[in-house]
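Asker: Numbering (my numbering), first residue to last: 485 to 688.
Before anything else, here's the structure in question.
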């Protein structure tokens with residue numbers, strides 16, 4: 485009986501659904517994209533508010549780096565830093581006021597990080613040259629792996645405390661989790677690499 489053609493043609497897309505405990509009024513989600521104005525809280529909030537008002541049930545932010553080593557560049561927000569908190573609070577207010585929900589994408593660039601951003605050597609599962617960042621990363625040692633995992637956890641806790649409705653952990657497009665999972669960029673022979681099961685240890 486809904487007069488909207490899209491609802492009649494695609495009833496399942498417009499049906500309520502769940503992602504774990506998160507209930508959504510329908511299944512139209514705006515995927516993550518980096519906008520290059522994350523440093524402008526008002527612009528970021530306005531962009532996401534317009535999409536929430538347009539009807540997106542859930543919006544996934546552009547990637548927020550879990551630490552400085554994992555930043556994708558100067559225009560990327562870093563969880564735990566004041567600029568991130570300001571932008572996140574503005575976006576959350578705007579999206580929630582427009583009736584939408586907001587998920588924070590947690591991200592680490594790994595070998596795709598740029599040394600010139602913060603003067604930090606890129607870190608990766610193995611020292612495999614990156615043509616993208618034009619850098620040879622350092623292979624993460626056991627302590628650095630533990631610290632990086634704790635940074636992901638701390639970023640997720642901060643997202644919950646700020647009021648995000650969900651988090652998404654980025655495991656695609658050649659970034660850190662993808663680098664651990666791939667035999668091309670993970671050449672380790674310890675608990676974090678080797679066969680397929682051990683290459684999944686870090687992402688899991």
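The beta carbon of each residue, even a glycine, is placed where N, CA and C say it ideally should be.
Are the CB atoms of residue 614 and residue 595 within a distance shorter than 8 angstroms?
Answerer: Working through the chain shown from its first residue, we reach residue 595 at position 111. Working through the chain shown from its first residue, we reach residue 614 at position 130. Yes.
Asker: Where does residue 636 sit, in a helix, a strand or coil, going by DSSP?
Answerer: The residue labelled residue 636 in the question sits at position 152 within the chain shown. Residue 636 falls in the helix class under three-state DSSP.
Asker: Where does residue 625 land, buried or exposed, given buried means 16+ other C-beta within 10 angstroms?
Answerer: Residue 625 sits at position 141 when you count from the first residue of the chain shown. Exposed, by the Cβ-count rule.
Asker: Over the uninterrupted beta strand (DSSP E) stretch that includes residue 501, give me the two end residues.
Answerer: Taking the chain shown and counting its residues from 1, one reaches residue 501 at position 17. Residue 501 -> beta strand (DSSP E) spans 501 to 503.
Asker: Give the secondary structure of residue 540 by DSSP, where H, G and I count as helix, E and B as strand, and everything else as coil.
Answerer: Within the chain shown, the letter at position 56 stands for residue 540. Coil at residue 540, not helix or strand.
Asker: Tell me the DSSP secondary structure of residue 561 in three-state form.
Answerer: Reading the chain shown from its first residue, position 77 is the one you call residue 561. Three-state DSSP puts residue 561 in coil, outside helix and strand.
Asker: Three-state secondary structure (DSSP) at residue 507?
Answerer: As a position in the chain shown, residue 507 is number 23, starting the count at 1. Residue 507: strand per DSSP, three-state reduction.
Asker: Quick check: what's the CA-CA separation for residue 681 versus residue 540?
Answerer: Walking along the chain shown from the start, residue 681 turns up at place 197. Walking along the chain shown from the start, residue 540 turns up at place 56. Their backbone Cα atoms lie some 36 angstroms apart in a straight line.
Asker: Confirm, please, whether the CB-CB distance from residue 528 to residue 522 is below 8 angstroms.
Answerer: Start at 1 with the first residue of the chain shown, and residue 522 comes out as number 38. Start at 1 with the first residue of the chain shown, and residue 528 comes out as number 44. Yes. Within cutoff.
Asker: Give the secondary structure of residue 685 by DSSP, where H, G and I count as helix, E and B as strand, and everything else as coil.
Answerer: Here residue 685 refers to the residue found at position 201 of the chain shown. The answer is coil: DSSP assigns residue 685 none of H, G, I, E or B.
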